[in-house]
Amino acid sequence: MSRATDFEAIIVGAGFGGMGAAIELKRQGVERLTILEREDDLGGTWHVNHYPGLAVDIASVTYSYSFEPNPSWSRLFAPGAELKKYAEHVADKYDLRRHMEFGVVVASASWDDDADVWTVRTDDGRALTSRYLVTATGFLSQPYTPDFPGIDSFAGEIIHTTAWRDGYDFTGKKAAVIGTGATAVQLIPEIARTARRLTVFQRTPIWVVPKVDFPIPRPVRKLFAAVPVTQRAARAVNTSLLEMLMVFGVLHYRQAKPGNQLAALLAKAHLRTQVRDAATRRQLTPSYDFGCKRPTFSNSYFRAFNRDDVDLQTSSIVRVEPDGIVVDGPDGDELKVEVDTLVLATGFNLWDVNFPAFTITGRNGRDLGKWWREGRFQAYEGITVPEFPNFLTLNSPYSYSGLSYFTTIEGQMRHMARLFGELRRRGRSRFEVTAEANEKFLDDATRRLGDSVFYAGDCSRSRSYYFNQHGEATLLRPQSTLSTLREMDSFPLDDYTYA
Ligand code: NAP
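With positions in the sequence shown counted from 1, the corresponding number in our numbering is that position plus 1.
So this is what it looks like as structure tokens:
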């Protein structure tokens, strides 16, 4: 039996995913909604991250909602602050701010199968109820700090890249950066510029290709604003290039290995032209296939290692001491690197604490996180889960489609449109994906992934977050974005039950 609820829908997360979901729900007539956000403002990743050098790594014409183009991007790859501004613009234009509540940490959500109601409990002791629950908590939103022995004894500053201290001055500092992922690649050249000494601790090298980036001339911006079709054309060209990279380089590795190898050759040539020292080049060269982990672009990262005041340290970290980091030395001894500012560019924990980001309990007491971890990570079309009625999980296994997160969001918005349209048509308010449809989607994804670089290539030394703790690559949806979008528009309606 249905009962009154505080909201029709509760969305958790006010980043681009949560805002996209809110825009779609409002289009579907779901107006009584709230967006709960852990941080003190909207924008998700682009609110949390503000370290020096932050920029998008997907050209901005593509890294934005297709229905809300922004003609004012200053560069091909816009700096992080412009993304935050764009998020604010979207919130204002689509009247989302009045739905948002900041500083709310969701602790759990549970489904009451008799009342058809979600109850969302917050850390401050509230229990909010809704008909629908949407989680949009991000993929890279639970910062990871490795438990290095002795780290608590460190006497200097420790800064995780997600908790950047704006204006922190590295002048005269003996800095260290741990990690060489996409974040470190952007940050290292910035720190190298001012620090007295910088040591980069690398465990796994990253594939880096040249970045073709430039300011977008004012006349072009004016053209984008006056004749939007020109920006749409630019988007189409860029998205097609990315798509080729993804489909041929990553998903169809088995059939298109030479394309993947070409990308690796390009990255190696880039390294060769940028780093003078041959031993350093060898250390910076990955020993896994291109695409096993997310590659990145930079014209300044490799060059930083030519500087006399920048060292690359590839030995294992043994412990942290108050004034430095101790690593394994070359002859079985130990070596200490003196450090007074320790930057942790150590990324995020996806699979242990983020899928999902809080406890979610469905029908029959099914605990989503437990079910995923003890069985297999799965979500029908990367958005719904059997035994979790009226629940949409935007950051879920096999949900990430294409290279731009906006492709993922917009595919999910289309799925929501079709699903809520069908609910309306039937005069129903409850949906649940069938176990059979979910299994079929999982089987298809598993089969398709067999051709990808993750299984057909050599990823054994990549330590990629695309792989979960069971060694399965369950993050990316192994289909072209076109076929994903088509499926989101046309999935069989009887893959769901309605009540
Ligand atoms: P990441 O790719 O997960 O990199 C974390 C780094 O920390 C890795 O080099 C990792 O080494 C290292 N690390 C972790 N634990 C360690 C330990 N115990 N000892 C030594 N090293 C350790 O995280 P990220 O760089 O923050 O990037 C995450 C993702 O965010 C990117 O892939 C990208 O999708 C996105 N991103 C995008 C942009 C953008 O331009 N839009 C910028 C930054 C990030 P191992 O590889 O050996 O584990």
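Even for Gly, the Cβ is constructed at its ideal location relative to N, Cα and C.
Could you give the DSSP three-state label for residue i: helix, strand or coil?
i    : result
Q29  : coil
I12  : strand
S111 : strand
L486 : helix
M2   : Here the model assigns M2 a pLDDT of 46, short of 50, so the residue's position is not dependable and the matter cannot be decided.
D324 : coil
F468 : strand
W119 : strand
F17  : helix
I189 : helix
D96  : coil
I36  : strand
I179 : strand
H161 : strand
V221 : helix
Y302 : helix
S131 : strand
L242 : helix
R448 : helix
K212 : coil
K1   : Lying outside 2 to 500, the shown extent of the chain, residue 1 is not represented and no answer is given.
Y1   : This structure cannot speak to residue 1, because the chain is shown only from 2 to 500.
D278 : coil
P229 : helix
When burial is assigned at 16 or more other CB atoms within 10 Å of the CB, is residue i buried or exposed?
i    : result
N365 : exposed
M489 : buried
T138 : buried
T274 : exposed
E388 : buried
L26  : buried
G173 : exposed
D290 : buried
L494 : exposed
M2   : Residue placement at M2 is poorly supported in this model, since its pLDDT is 46, which falls under 50; the coordinates still yield a value, given next. M2 comes out exposed.
A227 : exposed
V454 : buried
A164 : exposed
V251 : buried
L98  : Inspection of the sequence shows that residue 98 is occupied by Arg rather than by Leu. Per the 10 Å Cβ criterion, exposed.
R197 : exposed
A500 : exposed
H100 : buried
S241 : exposed
V238 : exposed
N307 : exposed
A346 : buried
S402 : buried
K223 : exposed
Going by alpha carbons, who is nearest to residue i out of the options?
i    : options                : result
L424 : F68, R76, G30, G14     : G30
T498 : R374, S430, D113, F171 : S430
K219 : W74, T485, R449        : In the sequence as presented, Lys is not what sits at residue 219; that position holds Arg. That would be W74, whose Cα lies nearest to the Cα of R219.
F421 : E437, T181, P206, F392 : F392
W208 : A196, L267, R198, T231 : L267
S397 : E437, L443, R464       : L443
D170 : N469, K258, T342       : T342
I326 : S131, R76, I159        : I159
G348 : M20, F8, V49           : V49
N261 : L246, H90, L483, V354  : L246
R132 : G472, F492, F432       : F432
V213 : R222, S299, S402       : S299
E473 : A82, V135, P390, G451  : G451
D148 : G168, T136, T130, I179 : I179
D93  : A79, I24, D41, T181    : I24
D114 : V386, Q480, G363       : G363
L477 : R233, T447, E89        : T447
A88  : G18, W112, T475        : G18
K337 : V319, E32, V344        : V319
T184 : V201, S154, T195       : V201
Q203 : E437, A177, V221       : A177
N492 : P479, V434, V210, A305 : As written in the sequence, residue 492 is Phe, which differs from the Asn given in the question. Nearest C-alpha to F492: V434.
message: Taking 8 Å as the cut-off, does the stretch 139-152 touch the stretch 115-123 (at least 3 CB pairs, one atom from each stretch)?
response: no
message: With three or more C-beta pairs closer than 8 Å as the rule, is the stretch 408-419 touching the stretch 463-471?
response: no
- prompt: Does the pairing of the stretch 66-73 with the stretch 35-47 give three or more beta-carbon distances under 8 Å?
  reply: no
- prompt: Does the pairing of the stretch 120-134 with the stretch 45-62 give three or more beta-carbon distances under 8 Å?
  reply: no
- request: Determine, using beta-carbon pairs with one atom in the stretch 227-238 and one in the stretch 308-323, whether at least three such pairs fall under 8 Å.
  value: no
- prompt: Can at least three beta-carbon pairs, one atom from the stretch 286-302 and one from the stretch 331-346, be found at a separation below 8 Å?
  reply: no
message: With a threshold of 8 Å, are at least 3 pairs of Cβ atoms found where one atom belongs to the stretch 277-284 and the other to the stretch 173-184?
response: no
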